[in-house]
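Take a look at the structure set out below.
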Amino acid sequence: MSEPFLIGDAMTGGYGKGPDILHECTIAVNPGEIAVIVGPNGAGKSTAMKAVFGLLNVRSGAVRLDGEDITSLSPQDRVVKGMGFVPQTQNIFTSMTVEENLEMGGFIRTDDIRDTMEQVYDLFPILRDKRNQPAGELSGGQRQQVAVGRALMTKPKVLMLDEPTAGVSPIVMDELFDRIIEVSRTGLPILMVEQNAKQALEIADKGYVLVQGRNAYTGTGQELLADPEVRKSFLGG
Amino acid sequence: MDFLNALVAFVNFVGVPAIAYGSQLAIGALGVTLVYSVLRFSNFAHGDTMAFGTMITILVTWWLQSLGVSFGPLPTALLALPAGIAATMALMLFTDRTVYKFYRAQKAKPVVFVMVSLGVMFMMNGLVRFVIGPGDQRFADGERFLISARDFKAMTGLREGLAIKTTQGITVITAVIVVALLFWFLNKTRTGKSMRAYSDNEDLALLSGINPERVVMYTWLIVASLATIAGVLYGLDKSFKPFTYFQLLLPIFAAAIVGGLGSPIGAIAGGFIIAFSEVTITYAWKKVLTYVLPESLKPDGLVQLLSTDYKFAVSFTILVIVLLFKPTGLFKGKAV
Ligand SMILES: Nc1ncnc2c1ncn2[C@@H]1O[C@H](COP(=O)(O)OP(=O)(O)OP(=O)(O)O)[C@@H](O)[C@H]1O
Ligand SMILES: [Mg+2]
Chain A
95 MSEPFLIGDA
105 MTGGYGKGPD
115 ILHECTIAVN
125 PGEIAVIVGP
135 NGAGKSTAMK
145 AVFGLLNVRS
155 GAVRLDGEDI
165 TSLSPQDRVV
175 KGMGFVPQTQ
185 NIFTSMTVEE
195 NLEMGGFIRT
205 DDIRDTMEQV
215 YDLFPILRDK
225 RNQPAGELSG
235 GQRQQVAVGR
245 ALMTKPKVLM
255 LDEPTAGVSP
265 IVMDELFDRI
275 IEVSRTGLPI
285 LMVEQNAKQA
295 LEIADKGYVL
305 VQGRNAYTGT
315 GQELLADPEV
325 RKSFLGG
Chain B
1169 MDFLNALVAF
1179 VNFVGVPAIA
1189 YGSQLAIGAL
1199 GVTLVYSVLR
1209 FSNFAHGDTM
1219 AFGTMITILV
1229 TWWLQSLGVS
1239 FGPLPTALLA
1249 LPAGIAATMA
1259 LMLFTDRTVY
1269 KFYRAQKAKP
1279 VVFVMVSLGV
1289 MFMMNGLVRF
1299 VIGPGDQRFA
1309 DGERFLISAR
1319 DFKAMTGLRE
1329 GLAIKTTQGI
1339 TVITAVIVVA
1349 LLFWFLNKTR
1359 TGKSMRAYSD
1369 NEDLALLSGI
1379 NPERVVMYTW
1389 LIVASLATIA
1399 GVLYGLDKSF
1409 KPFTYFQLLL
1419 PIFAAAIVGG
1429 LGSPIGAIAG
1439 GFIIAFSEVT
1449 ITYAWKKVLT
1459 YVLPESLKPD
1469 GLVQLLSTDY
1479 KFAVSFTILV
1489 IVLLFKPTGL
1499 FKGKAV
């Protein structure tokens, strides 16, 4: 099997000097793919994402991007390398306008960012109407769009989303999933954590079920959906 | 006529001084609020930073004067101001590298930073007294008045005069320019926006590739400029004395907190609220009241609510009231 584009390989680690949260946890994604991480609350899904992004130290294991070992790079350097991350909480600049949020997303770029901004507005047309409004005054679904838009502004080579549909209504959720698929069709690999396991696995090329910081099940989205064990424990039968 | 005289007396003794003092407090409070929103601590060394910048400006002013340089009707100190700002910038960057950076790397709690800034305050305090001494320095030269009371009376024929000192005029004009520049910088430039982003959400700023060390550096540079400008304007208007500058910390913090810590607009509003409260409460109203009240109600005493010796009690009282009833301040700052 060839090396995936982005892989957090057998990561073990936790916050600061605290206990290990992740144990030999592996997650990976390839171009054109959507990889989905599901699992119960507190399983360490967000922690795994942060570990891949360098926001916490992994005590053992490695993170590789396009074959290069980036385990010791700072989060900023990973942004420069082409990684985009939307955290689960506090993922927008609430006191700044939508447009300023996007501008800050493209902060590291030295070329003209207006084209990318237009693409984001085409993807999320509501944001174009609200461009001069403080992002903190938007609805939950609109905020998530700002958050994803901000991460897209660097023109990342891989996009990591931690629960992009948290707290939005089912209709908006479907809408957001459609947008995410649209982004993925451009070839951008997407690694995402989802609470809505069923819907997420349906669009997933690859699925990871994490339990207590360990890989419990791994397979294609369809395999996991079909697996009776997974169905029973995580998808409510 | 009596009403006009009352109005002129009011503007002369309350309005003009409070606007000038309010502008000085506002620029001071902007510095405090910037440190608070970007570096997330209350910088107790701010008063002494102002003193340091003013001291350098005074030394350069003296040097320029000894060379026979003058700025016509304007104070020579304005020519020396850039040097004062540059020296203060250097001091801020030095302090940051040698002191604050260490605690940032440790991710120290804000209260630790506050204590550290107290230490920095004592160091700067000692440095300033060592160089220029603890005494009072007057360094304003040039034309003393824009309008003198006598000219005003001759012009209008009123009994009351309205005097506007050159330094008061300069203070207000400088404040308007400084505030306009600062807001332009924070709202329109890439660096300014990155400072706001960092202040809004540090982690996300990091994820956007904003370099925190650069944000911190720019913040200190701006704070150094604001502190020096506020200090020099205050010193020109009143006089320079290291202890007074230390004491200014109270009204400046009161202004920043009343307006809402972290909110630049709040800092400006707070500056004027504190200044007007202080001046109106310590002003002897007898003169104004004598003009407007009928003969029978003429006040006997000075009608001064508080002696000027107690002016700091005003800031302190306002501070306590705001912290009790609206801890986030008028403009939704962060709670202290
Ligand atoms: N900043 C932190 N410092 C210390 N421990 C943390 C921190 N964040 C999370 N944890 C701990 O790590 C464990 C895993 O948390 P994590 O946020 O990764 O779970 P999750 O799978 O994302 O859950 P959810 O579905 O609720 O988002 C939890 O036990 C949590 O208490
Ligand atoms: Mg999570």
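In the order they appear, the protein sequences are chains A and B.
Under the numbering used here, think of the first position of the first sequence as 95, with each following residue one higher.
Under the numbering used here, think of the first position of the second sequence as 1169, with each following residue one higher.
Every residue, glycine too, gets a C-beta built ideally from N, C-alpha and C.
Alpha carbon of residue i to alpha carbon of residue j, nearest angstrom
i: B:W1388; j: B:I1449; result: 35 Å
i: B:V1460; j: B:T1342; result: 35 Å
i: B:I1441; j: B:A1423; result: 7 Å
i: B:V1340; j: B:I1187; result: 7 Å
i: B:R1364; j: A:A320; result: 48 Å
i: A:T106; j: A:L246; result: 29 Å
i: B:L1305; j: B:S1191; result: Rather than Leu, the amino acid found at residue 1305 of chain B in this sequence is Gln. Rounded to the nearest angstrom, the two C-alpha atoms are 21 Å apart.
i: A:L329; j: A:K292; result: 6 Å
i: A:S166; j: A:T280; result: 29 Å
i: A:N185; j: A:G234; result: 11 Å
i: A:Q182; j: A:S140; result: 7 Å
i: A:K144; j: B:G1427; result: 37 Å
i: B:N1355; j: B:G1434; result: 16 Å
i: B:V1490; j: B:F1421; result: 12 Å
i: B:A1481; j: B:L1487; result: 10 Å
i: B:V1504; j: B:S1205; result: For B:V1504, the predicted model reports a pLDDT of 49, less than 50, meaning its position is unreliable and no value from the coordinates is stated.
i: A:E162; j: A:R172; result: 11 Å
i: A:V303; j: A:Q236; result: 28 Å
i: B:Y1268; j: B:T1485; result: 31 Å
i: A:P98; j: A:S263; result: 34 Å
i: A:L255; j: B:S1393; result: 41 Å
i: A:Q148; j: A:Y109; result: The sequence as given places Gly at residue 148 of chain A; Gln does not occur at that position. Near 12 Å, if we compare the C-alpha coordinates of A:Y109 and A:G148.
i: B:L1249; j: B:I1397; result: 7 Å
i: B:A1395; j: A:T259; result: 46 Å
i: B:V1179; j: B:F1239; result: 29 Å
i: A:P113; j: B:T1476; result: 59 Å
Nearest residue (CA-CA) to residue i, options the options
i: A:S154; options: A:R225, A:Y302, A:L116 and A:V214; result: A:L116
i: B:F1220; options: B:L1487, B:K1454, B:G1469 and B:T1412; result: B:T1412
i: B:K1494; options: B:G1469, B:L1429 and B:K1321; result: B:L1429
i: B:T1225; options: B:S1431, B:L1404, B:S1445 and B:I1315; result: B:L1404
i: A:R273; options: A:K292, A:G243 and A:E162; result: A:G243
i: B:V1279; options: B:G1183, B:L1457 and B:N1211; result: B:N1211
i: B:L1246; options: B:G1497, B:D1468 and B:V1400; result: B:V1400
i: B:L1202; options: B:F1351, B:L1326, B:A1331 and B:Y1189; result: B:F1351
i: A:V266; options: A:K251, A:Q239 and A:P250; result: A:Q239
i: B:A1197; options: B:G1360, B:A1452 and B:H1214; result: B:H1214
i: B:N1173; options: B:L1354, B:A1452, B:F1414 and B:V1456; result: B:V1456
i: A:I101; options: A:R308, A:V157 and A:E317; result: A:V157
i: A:Q316; options: A:E296, A:R325, A:Q306 and A:A310; result: A:E296
i: B:A1437; options: B:V1237, B:V1347, B:E1328 and B:M1260; result: B:V1347
i: B:S1367; options: B:P1432, B:L1207 and B:P1185; result: B:L1207
i: B:T1217; options: B:F1181, B:M1291, B:T1244 and B:V1237; result: B:M1291
i: A:S278; options: A:E288, A:G261, A:A298 and A:N290; result: A:A298
i: B:K1361; options: A:M211, A:A241, A:L196 and A:N309; result: A:L196
i: A:G133; options: A:G112, A:E288 and A:D268; result: A:E288
i: B:M1385; options: B:A1276, B:N1369 and B:L1261; result: B:L1261
i: B:T1496; options: B:K1454, B:D1477, B:I1425 and B:E1446; result: B:I1425
i: A:L159; options: A:D103, A:Q306 and A:R203; result: A:D103
Near ligand 1: residue i beta-carbon under 6 Å from a heavy atom
i: A:K111; result: no
i: A:N135; result: yes
i: A:I115; result: yes
Handout entry: Sequence-ordered residues whose beta carbon comes within less than 7 Å of a heavy atom of ligand 2
Key = Counting every residue whose Cβ lies closer than 7 Å to a heavy atom of ligand 2, we get A:K139, A:S140, A:Q182, A:D256, A:E257 and A:V287.
Problem - Cβ contact check for the segment 274-284 of chain A and the segment 120-135 of chain A: 3 or more pairs under 8 Å - result: The segment 274-284 of chain A makes contact with the segment 120-135 of chain A; the number of CB pairs closer than 8 Å reaches 3 or more.
Practice task
Could you tell me whether the segment 226-243 of chain A touches the segment 185-199 of chain A, where touching means 3 or more Cβ pairs closer than 8 Å?
Solution key: In short, these stretches touch, since the Cβ pair count reaches three.
Handout entry: At least 3 beta-carbon pairs within less than 8 Å: the segment 1244-1257 of chain B vs the segment 1227-1236 of chain B
Key = Contact between the segment 1244-1257 of chain B and the segment 1227-1236 of chain B is present, because at least three Cβ pairs lie under 8 Å.
Exercise for the section: Would you check if there are 3 or more beta carbon pairs closer than 8 Å linking the segment 205-213 of chain A to the segment 1375-1392 of chain B? Expected result: By the Cβ criterion, the segment 205-213 of chain A is not in contact with the segment 1375-1392 of chain B, since fewer than three pairs of Cβ atoms, one from each stretch, lie closer than 8 Å.
Problem - Cβ pair count under 8 Å reaching 3, the segment 169-181 of chain A against the segment 209-220 of chain A - result: In the pairwise beta carbon analysis, the segment 169-181 of chain A is classified as not touching the segment 209-220 of chain A: fewer than three pairs are separated by under 8 Å.
Problem - Contact the segment 1305-1315 of chain B vs the segment 1332-1339 of chain B: 3+ CB pairs below 8 Å - result: The answer is yes - the segment 1332-1339 of chain B touches the segment 1305-1315 of chain B, with three or more Cβ pairs under 8 Å.
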